[in-house]
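There are 2 protein chains.
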Amino acid sequence: MIRALLFDVFGTCVDWRSSVAREVAAAAGSAAIDGVDGEAFADAWRARYQPQMETVRNGSRPWTDLDVLHREALDGVLAEQGLEALGDAERDALNRAWHRLDPWPDTREGLLRLRRRYVVAPVSNGHVALVVALARHGGLVWDTVLGAEPAQAYKPAPEAYLRSVATLRLTPEETMMVAAHASDLVAAAACGLRTAFVHRPTEHGPGQTTDLVAPAGVDVEAHDLIDLAGLLGA
Amino acid sequence: MIRALLFDVFGTCVDWRSSVAREVAAAAGSAAIDGVDGEAFADAWRARYQPQMETVRNGSRPWTDLDVLHREALDGVLAEQGLEALGDAERDALNRAWHRLDPWPDTREGLLRLRRRYVVAPVSNGHVALVVALARHGGLVWDTVLGAEPAQAYKPAPEAYLRSVATLRLTPEETMMVAAHASDLVAAAACGLRTAFVHRPTEHGPGQTTDLVAPAGVDVEAHDLIDLAGLLGA
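Going line by line, the protein sequences match chains A and B. Under my numbering, think of the first position of the first sequence as 1, with each following residue one higher. Under my numbering, think of the first position of the second sequence as 1001, with each following residue one higher.
In structure tokens, the structure reads:
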């Protein structure tokens, strides 16, 4: 019997690409920097994410939160694209775009419905303060914020899932990971959690080629979080 | 400027004594054990709480959560009162009374109002799963659950406050501890937090003699959480 649902956040609950693209375009406009493609910039910024976290996962770097990693990646992308004109204060402000990502249209209602029946908690690679900010920005309600920071492990490391489950005093079998990404669900399933795949076919824009199909073996497959609520009887 | 409110839970947000007394009386009734005074039993159970936590705080015992401490205390009180007839399964069930404590009548509405303007998080000595259960039982909404377990320190140890503040990426001065107990507020103030005293003059029953008056130096003094919301402009 499922008691708790654990949620990936970036891409599954919030539309990071559109939100970041909008803020990049606005920041470039304010700084009178022309020729910036917000979507392409968001993709380039996000592309540095997994390699950065890998340096923490493999132990070559001590625990470092996403505010720091996002800022380093921002500096890298600005340098790469010849946009060093953006000042330090403007970079700090733009970096906070990751605290203001809009939820997908179904997220708020879906979570409210699911919380009636299940404990709902994010298991994100974002730190607690960032995920709290996203929830307040998007009107989301969680029972508590779990994930990489409390577990001191970035997904898909097993500790990220298992420490979250242990904090809830549940077994992996009583817990379901909800994500739009096969890599997250495969890792959660390897830890014994149930899995739900949520289709987010435009997370990476209209030309998305990844995660268009549920990975083999998922327990549930849903079009969005409202659909998931229906499928899970909430 | 205050950005987040941190809440004591037992006594400040929930009425542990009435709730536990009711469940003790019910458990005694079901087991056909006569002559049990629910309120007196609740008081005796709770009286073991600070000495137990002190063994963790002073390092003579490793980190131990409240489910374990409550159960050990329950066994002690049952032995003391000659009530060993209560079976193991019944003891486990009664121990969970601490997961089902009713909120004070103003808590739900007060927190909802306060959350509109401030980050709200419990900083309780209860572990995350227990505090999540209390919130779901009472219809409370938190931004996230902080406190003794994530900090690995029982209040009034400074780490319980300072690690909670750090998790929110705030300074102590941006944070206000809300509690019905002088000891909690004095310890929080010593860490640099602002403080709000909430009057709970019947937490310990009609004959309460402690915490009837706000400690010197608190920033705010409120009759209940709805009053606090008004005082803090929420």
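Beta carbons are placed, not taken as given, at the ideal position from N, Cα and C, and that holds for glycine. No experiment lies behind these values; they were computed from the predicted model shown.
Where does the unbroken beta strand (DSSP E) through residue i begin, and where does it stop?
i	result
Ala-1121/B	1119-1124
Val-1198/B	1194-1198
Val-1220/B	1220-1222
What residue from the options has the CA that sits closest to residue i's CA?
i	options	result
Pro-1062/B	Arg-1048/B, Gln-1152/B, Ala-1133/B, Val-1014/B	Gln-1152/B
Arg-1200/B	Gly-1233/B, Leu-1114/B, Phe-1010/B	Phe-1010/B
Ala-1129/B	Val-123/A, Leu-170/A, Gly-217/A	Leu-170/A
Thr-207/A	Arg-17/A, Gly-230/A, Phe-7/A	According to the sequence displayed, residue 207/A carries Gly and not Thr. Nearest of Arg-17/A, Gly-230/A, Phe-7/A to Gly-207/A, Cα basis: Arg-17/A.
Thr-1012/B	Leu-1193/B, Leu-1185/B, Asp-1088/B	Leu-1185/B
Thr-1209/B	Ala-1182/B, Tyr-1049/B, Leu-1231/B	Ala-1182/B
His-1204/B	Gln-1052/B, Val-1014/B, Leu-1114/B, Arg-1116/B	Val-1014/B
Val-132/A	Tyr-118/A, Arg-116/A, Glu-149/A	Glu-149/A
Val-1068/B	Val-1119/B, Arg-1091/B, Glu-1023/B, Asp-1034/B	Arg-1091/B
Phe-213/A	Leu-232/A, Leu-193/A, Ala-179/A	Going by the sequence as given, residue 213/A is Val instead of Phe. Among Leu-232/A, Leu-193/A, Ala-179/A, the Cα nearest to that of Val-213/A is on Ala-179/A.
Leu-1006/B	Glu-1023/B, Glu-1173/B, Thr-1202/B, Asp-1211/B	Glu-1173/B
Ala-160/A	Gly-138/A, Ala-121/A, His-137/A	Ala-121/A
His-137/A	Arg-1116/B, Val-1024/B, Ala-1216/B, Ala-1135/B	Arg-1116/B
Gly-29/A	Leu-86/A, Pro-103/A, Val-77/A	Leu-86/A
Gly-230/A	Leu-162/A, Ser-60/A, Arg-113/A	Arg-113/A
Ala-135/A	Trp-104/A, Tyr-118/A, Val-165/A	Trp-104/A
Ala-1027/B	Ala-1004/B, Gln-1050/B, Asp-1088/B, Leu-1168/B	Asp-1088/B
Leu-1101/B	Ala-1021/B, Ala-1166/B, Leu-1232/B	Ala-1021/B
Ala-97/A	Val-24/A, Leu-232/A, Ala-216/A	Val-24/A
Ser-1019/B	Thr-1175/B, Asn-1095/B, Val-1218/B, Ala-1189/B	Asn-1095/B
Asp-8/A	Thr-55/A, Val-77/A, Gly-192/A, Met-177/A	Met-177/A
Leu-1066/B	Gln-1050/B, Ser-1060/B, Ala-1188/B	Gln-1050/B
Val-1218/B	Ala-1187/B, Arg-1057/B, Ala-1093/B	Ala-1187/B
Thr-1175/B	Ala-1166/B, Leu-1193/B, Pro-1158/B	Leu-1193/B
Arg-57/A	Ala-190/A, Asp-211/A, Arg-163/A, Pro-158/A	Pro-158/A
Cys-1191/B	Met-1001/B, Glu-1054/B, Gln-1052/B, Leu-1162/B	Leu-1162/B
May I ask which residues mark the beginning and end of the alpha helix (DSSP H) holding residue i?
i	result
Val-128/A	128-138
Thr-1167/B	1158-1167
Glu-39/A	38-47
Ala-89/A	88-95
Asp-184/A	182-190
Ile-226/A	225-231
Val-1068/B	1066-1080
According to DSSP, residue i sits in a beta bridge with which residue or residues?
i	result
Met-1053/B	In DSSP, Met-1053/B forms no bridge with anything.
Leu-5/A	Val-120/A, Met-176/A
Val-14/A	Phe-10/A, Pro-103/A
Gly-1147/B	Ser-1124/B
Examine the ligand HEM and report whether any of its heavy atoms sits within less than 7 angstroms of the Cβ of residue i.
i	result
Ala-26/A	As presented, the structure is devoid of all ligands, the ligand HEM included, so that no description of it is given.
Item to check | Residues within the stretch 154-174 of chain A neighbouring chain B, beta-carbon criterion of under 7 angstroms | outcome: Of all residues in the stretch 154-174 of chain A, only Thr-167, Leu-168, Arg-169 come within less than 7 angstroms of chain B when Cβ atoms are compared, listed by chain position.
Next on the checklist: I want to know whether the stretch 208-227 of chain A touches the stretch 106-123 of chain A - three or more CB-CB distances under 8 angstroms.
Outcome noted: Segment contact: the stretch 208-227 of chain A against the stretch 106-123 of chain A, three or more CB-CB distances shorter than 8 angstroms; contact assigned.
Next on the checklist: Across the stretch 1029-1039 of chain B and the stretch 1210-1223 of chain B, are there enough close Cβ pairs to call them in contact, namely three or more that are closer than 8 angstroms?
Outcome noted: Contact between the stretch 1029-1039 of chain B and the stretch 1210-1223 of chain B is absent, because fewer than three Cβ pairs lie under 8 angstroms.
Checklist entry - Is there contact between the stretch 44-57 of chain A and the stretch 73-85 of chain A, where contact requires at least three CB pairs shorter than 8 angstroms? => result In this structure the stretch 44-57 of chain A touches the stretch 73-85 of chain A; the number of beta carbon pairs closer than 8 angstroms is three or more.
Next on the checklist: Below 8 angstroms, how does it come out for the stretch 186-200 of chain A and the stretch 78-85 of chain A: are there three or more Cβ pairs, yes or no?
Outcome noted: Three or more beta-carbon pairs separated by less than 8 angstroms are not found between the stretch 186-200 of chain A and the stretch 78-85 of chain A, which leaves the two stretches without contact.
Checklist entry - Is the stretch 1137-1148 of chain B in contact with the stretch 138-145 of chain A, if contact means three or more CB pairs nearer than 8 angstroms? => result Using a C-beta cut-off of 8 angstroms, the stretch 1137-1148 of chain B makes contact with the stretch 138-145 of chain A, since at least three inter-stretch Cβ pairs fall below that distance.
Checklist entry - Do the stretch 153-172 of chain A and the stretch 117-134 of chain A meet, that is, are 3 or more Cβ pairs less than 8 angstroms apart? => result With the cut-off at 8 angstroms, the stretch 153-172 of chain A and the stretch 117-134 of chain A touch.
Checklist entry - When you check each C-beta in the stretch 20-33 of chain A against every C-beta of chain B, which residues fall closer than 7 angstroms? => result Residues of the stretch 20-33 of chain A with a Cβ closer than 7 angstroms to any Cβ of chain B: none.
Item to check | Contacting positions in the stretch 1101-1121 of chain B - beta carbon closer than 9 angstroms to chain A | outcome: Across the stretch 1101-1121 of chain B, CB contacts with chain A closer than 9 angstroms involve Arg-1115, Val-1119, Ala-1121, in sequence order along the chain.
Next on the checklist: Taking beta-carbon pairs under 9 angstroms, can you tell me which members of the stretch 1183-1217 of chain B lie near chain A?
Outcome noted: So nothing in the stretch comes that close.
Checklist entry - Which residues, taken in chain order from the stretch 60-79 of chain A, show a beta carbon closer than 7 angstroms to some beta carbon of chain B? => result Across the stretch 60-79 of chain A, no CB contact with chain B closer than 7 angstroms is found for any residue.
Item to check | Interface positions of the stretch 141-154 of chain A facing chain B (Cβ-Cβ less than 9 angstroms), listed along the chain | outcome: Residues passing the 9 angstroms Cβ filter: Val-141, Trp-142, Asp-143, Thr-144, Val-145, Leu-146, Glu-149, Pro-150.
Checklist entry - When Cβ atoms are compared, which residues of the stretch 121-135 of chain A fall closer than 7 angstroms to chain B? => result Those would be Val-128, Ala-129, Val-132, Ala-135, in chain order.
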